[in-house]
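Reading through the C-alpha cells given below for one structure.
Numbering (our numbering), first residue to last: -16 to 75.
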C-alpha cells in the first residue's frame, strides 16, 4: 500500500506541476491582499483538487467493474490518437 501511495503521489504531483490549476491559484494569491487570503486559496484549491480526484477515482473504479480492461485500453488509445490528430490538424 505504501508503494501505491508513493507512486500515486509522485505521478499526480508531477502531472499537476505548472498546470492551469496552479497558474490560477498563483494568480489569485497574487491578486488578493488580505492576510489570510493565501490560506483560503490553498484550502479552496486543495478541496477542489480532492473533489475532482474523488470523481476520477470513483469513475475509474466503476469502469473497471463494468467494462472489460481491453475495451478501456482500446477506447483510451483511440481518444489519444484522436486528440493527437486534432492537435496536428488545428496546428496548421
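Backbone N, C-alpha and C define an ideal beta-carbon position, used for all residues, glycine too.
Original post:
How about residue 36 and residue 4: do their beta carbons lie closer than 8 Å?
Top reply: Indexing the chain shown from 1 puts residue 36 at position 53. Indexing the chain shown from 1 puts residue 4 at position 21. Residue 36 places its beta carbon 8 Å or farther from that of residue 4.
Original post:
Would you report the Cα separation of residue 46 and residue 33, rounded to the nearest angstrom?
Top reply: Along the chain shown, read from residue 1 onward, the residue named residue 46 stands at position 63. Along the chain shown, read from residue 1 onward, the residue named residue 33 stands at position 50. Whole-angstrom Cα-Cα distance: 20 Å.
Subject >> Buried versus exposed call for residue 24 [16 or more other C-beta atoms within 10 Å across all chains shown] >> reply: Here residue 24 is taken as the residue at index 41 of the chain shown, counted from 1. Answer is buried; the Cβ neighbour count reaches 16.
Original post:
Would you report the Cα separation of residue 13 and residue 19, rounded to the nearest angstrom?
Top reply: The sequence position of residue 13 within the chain shown is 30, counting from 1. The sequence position of residue 19 within the chain shown is 36, counting from 1. Their Cα atoms are separated by approximately 13 Å.
Original post:
DSSP state of residue 56, grouped into three classes?
Top reply: Position 73 of the chain shown, counting from 1, holds the residue named residue 56. When DSSP states are grouped into helix, strand and coil, residue 56 belongs to the helix group.
Original post:
Residues in its own chain within less than 7 Å of residue 55 by CB, not counting five upstream and five downstream?
Top reply: Taking the first residue of the chain shown as position 1, residue 55 is located at position 72. Here the set comprises 46.
Original post:
For the alpha helix (DSSP H) that contains residue -3, what are its first and last residues?
Top reply: Working through the chain shown from its first residue, we reach residue -3 at position 14. Run containing residue -3: -15 to -1, per the alpha helix (DSSP H) assignment.
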